[in-house]
Amino acid sequence: MILFAKFGLKRNINSLSMFRIQRSYSALSMDEKLISLLNSCTQTSEIIQVHGCMIKTGLDIVSFPVSKLLASAIVDINYAAKIFNEISKPNLFMFNTLLRGYSISEKPKEALVVFITLRAKGIFLDEFSFICTLKACARDMAVGSGLAIHGVVLQSGFEFFVNVRNTLLHFYSVCRRIGDAHQLFDMFPQERDLVSWNTLMGGYLKISQPVAVLDLFRQMHTFGFCSETNLVTAIIAMYGKCGFMGSARKVFDGISQKDVVLWNCIIEGYLENGLLEESICLLRRMKWEGMKPNSATLAGLLRTCAASGALAIGESIHGFIEEELLVVDEVLGTALLDMYSKCGFVEKAVDVFERMQSKDVRAWTAMITGYGINGQGMDAIRLFEKMEAVGVMPNEVTFLALLNACSHCGLVTEGKYCFERMIRVYDFLPSIQHYGCMIDLLGRAGLLEEGYDLIKSLPIERDTRAWRALLAACRVHGDTDLGETAKRTLEQLNDEHPTDTILLLNSYAIHGRWDDIAKMRGEQ
């Protein structure tokens, strides 16, 4: 219990149950069991229980298990930092792990503090120390810090490591110092790899210099780094990511021998830029030239149709799939039923779902979501029960879809049942999104006090979405007192929005509190 209080996290019996299962049949040693369990952890709440087991068994002072614990914990950088601070003599691997965590977190500045501490301790650095710190500088756009690290790289002789040079190229490119990047690139003409070329080209694309990119691609081809097809695929992908689809199309049309990868690349480029009709035209042309797209490309097209409500185009893609006798696998089937659901054609979504020979949890969840967004909450509940009956394990997203369905359809009893089942039967910790659905459900049903009590029990009471959902419900049901509490809380959380005032004014209007309305407008 001391450990849980110390690290400020709640218990979750899920990973502890996993540990008991391993202990019951595994012949592994204790540290091997814990390390194996760490590899399967996906949430901080699970990792902390393994940490607790390590403390109980004395493994929290053994270097290798602690290193594995730290590596697993960087998904929550604050928790990882707490673990690191408890290590009496951290080694280079541990420092590098923390550096990597900060480099991908929302606190990249902290990486520089760790790097300075590492140097002060006199521990010999390796290439990964520089790579992680430079990535953090790039993420934070910290030009001064990155230049200082480059100086240390030169002093330490690590400029001869291609991975370090490539990270420096990345840093300079991200910070739009393309001249420095190109100068570094030219310093080692015989020691470049594919990453070096792509990084510099990406830097030029960031500052909208496609001509320089083409020049680099020609040089790259001259140096023999890749075949023509791979070369063109890379440049088309780069143009697509930066929105230069005109240039991408010119390159594509200039190639006589196009393979499936190249076709998929240009189609995906159009999709990423919201150019759905152009993607469909290329899909038809692809068919005429005897090429077949893969399921991932077609699924991408269908997702774009779903997002834009382009039913006619989605149906034409479905027709193409049937004409070509393509296998409707889990990815393609899920995309199809999701498209039909979001376009309001639930019957067609159900038909696709029932025809799928193999359905994973994503397919079931997509169908439950489809029922929910089309106002068929009870059908969503019945499908969930069928899902359980056939032995498909739901996940947190499944329950989020269920709760949304219950909320939109006013199924209070069913929503409470699903919420309790998620916690008690499946050992899932509700997220803020789950709580938000429940508060919205209770608010729509007029159970405002229950919604208020639920917010007060939130693990993170500072979540503004929950308070705003309650405020909206107060407007609908005219509860001015609770509405004032919700608005006041939002102000205290520094998350004010003009609609908050409108919602409260509407609540006052329902009760005829015109003096309060005049007073509130006078304060604005």
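Position 431 of the sequence shown, counting from 1, maps to 431 under the UniProt record's numbering, and the rest follow consecutively. Where is the CB? At the ideal position from N, CA and C, for every residue including glycine.
- Assignment of alpha helix (DSSP H) within the segment 159-184, counting only whole runs of 4 or more residues, yields 162-174 in chain order.
- Distances from the CA of Q219 to each of P189, E388, S67 were compared; the closest alpha carbon is that of P189.
- Remark: C-beta atoms of I236 and G269 approach each other more closely than 9 Å.
- Taken through DSSP and simplified to helix, strand or coil, D215 comes out as helix.
- Excluding its 5 nearest sequence neighbours in each direction, M94 has C-beta neighbours in its own chain below 7 Å: S67, L70, F84, I87, listed in chain order.
- The Cβ neighbour count for T413, taken over all protein chains shown within 10 Å, is under 16; the residue is labelled exposed.
- It is roughly 7 Å from the alpha-carbon of N273 to the alpha-carbon of G240.
- DSSP places L326 outside any alpha helix (DSSP H), giving it a letter other than H or E.
- DSSP, reduced to helix, strand and coil, places L429 outside both helices and strands of the structure shown, so it counts as coil.
- In this structure, the beta-carbon distance from V162 to T133 does not fall below 9 Å.
- Below 8 Å, too few C-beta pairs join the segment 306-313 and the segment 284-291 to call them touching: fewer than three.
- Counted as a single uninterrupted DSSP element, the alpha helix (DSSP H) harbouring E484 occupies residues 480-492.
- Residue environment: M187 is assigned as exposed (fewer than 16 neighbouring CB atoms within 10 Å of its CB, all protein chains considered).
- A straight-line Cα-Cα distance of about 16 Å links S316 and N294.
- C-alpha of L216 to C-alpha of R176: approximately 17 Å in a straight line.
- In summary, M387 is buried, with 16 or more beta-carbon neighbours lying within 10 Å of its beta-carbon over all protein chains present.
- Closest by C-alpha distance to S129, out of R139, E159, N96, V152, is N96.
- Contact annotation, W467 with A445: C-beta distance approximately 18 Å; criterion of less than 8 Å not satisfied.
- The closest CA to that of A335, considering only V352, M238, K107, is found on V352.
- For the alpha helix (DSSP H) assignment, the uninterrupted runs of no fewer than 4 residues enclosed by the segment 56-112 are, from N- to C-terminal side, 63-73, 77-85, 92-103.
- By the 16-neighbour rule on beta-carbons within 10 angstroms, A401 is buried.
- In this structure, I368 places its C-beta atom within 9 Å of the C-beta atom of F384.
- V261 and L283 have their C-alpha atoms spaced approximately 13 Å apart.
- The DSSP-derived three-state label of P210 is helix.
- The criterion of a C-beta distance shorter than 9 Å is satisfied by A138 and V174.
- The criterion of a C-beta distance shorter than 9 Å is satisfied by Y204 and V213.
- Non-local C-beta neighbours of K342 in its own chain, meaning closer than 8 Å and more than five positions away in sequence, comprise A306, A307, G309, G370, I373, ordered along the chain.
- About 12 Å separates the beta carbon of L454 from that of I432, a gap too long to meet the 8 Å contact definition.
- Burial state of C437 is buried, judged by a 10 Å Cβ sphere holding 16 or more other Cβ atoms.
- Under the 10 Å beta carbon count, M378 is surrounded by fewer than 16 other beta carbons and is classified as exposed.
- Minimum Cα-Cα distance from I149 among the listed residues A111, F185, G122, H182 corresponds to A111.
- The beta carbon of G375 sits closer than 7 Å to those of H408, C409, all from its chain and outside the five residues before and after it, given in chain order.
- The beta carbons of L275 and M245 sit about 6 Å from each other, so the pair counts as a contact at 8 Å.
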